[in-house]
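Structure first, commentary second.
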Amino acid sequence: MNIALVSRSTLYKQPGGDTVQVERTAEGLRALGHEVVVVLAGQKLPKDIHLIHGFNLGRPADLLPYFKSFKGKKVLSTIFVDYSHADSERAPWVYSLIGGHGMEWLKTIARGLNGSDRFPGLPYILRGQRRSMEVLLGLSDRIITSSMSEFERIGRWSKLERRTLRNKHQLVPLGIRDEFIETPSQSRARSGLLMVGRLEYLKNQKTIIEWATQRNWPLTVVGDANVNQQDYFVACKAIAGPTVTFLPYTKTEEIIRLMDEHICLVIPSLFETYSLVGWEAAARGMSVVANKAADMSETLEGIAELIPIENESNFIEAVEEAMKGLKKSQVPLENFTWDAIVSRIVSAYR
Numbered sequence: 002m003n004i005a006l007v008s009r010s011t012l013y014k015q016p017g018g019d020t021v022q023v024e025r026t027a028e029g030l031r032a033l034g035h036e037v038v039v040v041l042a043g044q045k046l047p048k049d050i051h052l053i054h055g056f057n058l059g060r061p062a063d064l065l066p067y068f069k070s071f072k073g074k075k076v077l078s079t080i081f082v083d084y085s086h087a088d089s090e091r092a093p094w095v096y097s098l099i100g101g102h103g104m105e106w107l108k109t110i111a112r113g114l115n116g117s118d119r120f121p122g123l124p125y126i127l128r129g130q131r132r133s134m135e136v137l138l139g140l141s142d143r144i145i146t147s148s149m150s151e152f153e154r155i156g157r158w159s160k161l162e163r164r165t166l167r168n169k170h171q172l173v174p175l176g177i178r179d180e181f182i183e184t185p186s187q188s189r190a191r192s193g194l195l196m197v198g199r200l201e202y203l204k205n206q207k208t209i210i211e212w213a214t215q216r217n218w219p220l221t222v223v224g225d226a227n228v229n230q231q232d233y234f235v236a237c238k239a240i241a242g243p244t245v246t247f248l249p250y251t252k253t254e255e256i257i258r259l260m261d262e263h264i265c266l267v268i269p270s271l272f273e274t275y276s277l278v279g280w281e282a283a284a285r286g287m288s289v290v291a292n293k294a295a296d297m298s299e300t301l302e303g304i305a306e307l308i309p310i311e312n313e314s315n316f317i318e319a320v321e322e323a324m325k326g327l328k329k330s331q332v333p334l335e336n337f338t339w340d341a342i343v344s345r346i347v348s349a350y351r
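Here our numbering = 1-based position in the sequence shown + 1.
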């Protein structure tokens with residue numbers, strides 16, 4: 002089968018969790034004998050495609066041109082992130098006027114105007130964010146979410162008939178690469194905290210950087226600044242003390258080395274649909290402490306200590322206990338390899 006994986010134009014310029022998801026899906030499908038091409042928004046769809054698989058419901062302006070014109074089967078991995086908490090802190094006055102969907106509409110247009118992304122086009126501008134997402138869901142033959150809480154969130158705001166959504170829905174978690182599941186090296190004792198992810202308001206790294214500075218925690222922060230949130234990166238650097246180290250986005254081999262050196266991964270995000278880095282860290286034998294927020298309370302429950310980050314004393318206590326080497330029991334990982342996950346994706350294609 003000839004398959005096109007369709008994603009945002011900045012998939013490789015600003016890599017994130019969806020970049021890993023697209024790349025691993027493509028790799029797994031090719032291993033099963035399928036022909037796969039990754040199409041970035043704005044690129045032409047090859048003529049001999051049998052199925053398109055789009056990523057990111059929250060970027061409907063990228064996907065709708067393909068889902069409207071393509072006559073074959075259309076699959077959507079929603080990866081539906083709720084930015085409302087971060088946006089309400091970042092721009093409270095604007096958020097109070099136009100709400101979450103309005104903020105996404107405004108950000109989509111702003112990215113097009115400042116040149117950091119494609120301009121969305123007039124149909125999207127007139128239709129708006131929420132209605133565009135509903136149209137995209139309606140055009141999809143199969144809707145894949147990585148958690149049931151993600152599916153329930155979509156159902157709450159969408160005006161589409163719930164039975165129709167359920168009939169289209171398939172639950173498929175994300176997978177862990179074999180490199181992470183291999184036995185960690187134990188050449189020296191682990192120490193310190195690690196955070197991995199693009200530096201932006203949603204990821205909430207600033208909170209942990211502030212606490213680490215106050216308590217002299219050794220902390221390594223891995224990730225590039227969001228190109229449209231440089232002020233957040235500057236703020237993180239400004240409050241960081243001598244125990245905090247910043248490293249740029251790096252390759253898998255280096256991430257694995259850092260995980261094997263550190264004792265605890267901290268995930269302070271205000272929202273994550275599926276924190277794959279948490280599973281990868283657990284596979285390397287790390288403790289994981291995460292904010293108890295949707296959808297992490299479901300997807301990380303088996304491998305992380307989940308504490309509401311607004312409860313500062315409890316979260317700090319959990320981190321300090323994790324730094325002593327106390328970690329939550331790990332679940333079996335064999336059902337979470339990309340080989341197993343891609344076979345479930347292929348089943349969803351049928």
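All C-beta atoms, glycine included, are put in the ideal place defined by N, C-alpha and C.
Which residues DSSP lists as bridging residue i, in chain order
i	result
GLU299	DSSP output for GLU299 lists no bridge partner at all.
LEU220	LEU194 and VAL245
LEU172	THR146
LEU77	GLY55 and ILE144
ILE177	THR338
LEU200	ALA226
Closest Cα partner of residue i within the set the options
i	options	result
ILE177	ILE4, GLU28, ARG167 and ALA349	GLU28
LEU33	ARG351, ALA349 and ASP340	ASP340
VAL267	ALA319, ASP225, THR253 and CYS237	ALA319
THR274	THR79, GLU24, GLY55 and LEU30	THR79
ILE317	GLU162, THR214, ILE99 and GLY286	THR214
ASN312	GLU299, GLY303, LYS108 and ASN292	ASN292
LEU137	THR246, LYS75 and GLY116	LYS75
SER288	GLY103, TRP158 and GLY193	GLY193
VAL290	GLU322, GLY103, LEU259 and GLU299	GLU322
ILE264	TRP218, SER89, ASP83 and LEU123	TRP218
LEU200	ASN3, VAL228 and PRO185	VAL228
ASP19	ASN3, VAL82 and PHE71	VAL82
PRO66	HIS86, ALA42, LEU77 and THR109	ALA42
ALA284	MET2, GLY303 and TYR233	GLY303
GLU135	SER8, SER298, THR165 and LYS108	THR165
ILE4	ASP225, GLU36 and GLN15	GLU36
SER89	LYS14, ILE110 and LEU203	LEU203
VAL7	GLN15, LYS14 and GLU24	GLU24
VAL40	ILE256, THR26, ARG9 and GLY59	ARG9
PRO185	ILE256, GLU105, ARG131 and ALA226	ILE256
LYS238	LEU123, ILE210 and ARG216	ILE210
GLN44	LEU64, ASN57, ASN315 and LEU58	LEU64
Inter-residue Cα distance where the pair is residue i and residue j
i	j	result
THR11	ARG191	35 Å
GLN230	LEU52	35 Å
LEU301	LYS207	22 Å
LEU220	ARG128	44 Å
ARG143	GLY55	10 Å
ILE182	TRP94	45 Å
ASN168	THR146	13 Å
LEU46	ALA282	36 Å
GLN171	VAL347	11 Å
LEU30	LEU277	19 Å
PRO309	ALA87	15 Å
Endpoints, beta strand (DSSP E) assigned at residue i
i	result
ASN3	3-8
GLU36	36-41
ALA291	288-292
LEU266	265-268
SER148	Where SER148 is concerned, there is no enclosing beta strand (DSSP E), given that its DSSP letter is neither H nor E.
HIS54	52-56
LEU307	306-308
N- and C-terminal bounds of the alpha helix (DSSP H) containing residue i
i	result
THR20	18-32
LEU127	123-128
LYS169	163-169
VAL278	277-284
GLU105	93-115
PRO61	61-70
GLU321	313-323
Residue-level contact to chain C via CB, residue i, 8 Å cutoff
i	result
LEU277	The chain labelled as chain C is not found in the depicted structure, where only one protein chain is given.
| request: Let me know the beta strand (DSSP E) ranges lying completely inside the stretch 224-257, each 3 residues or longer, listed in chain order. | output: 245-248
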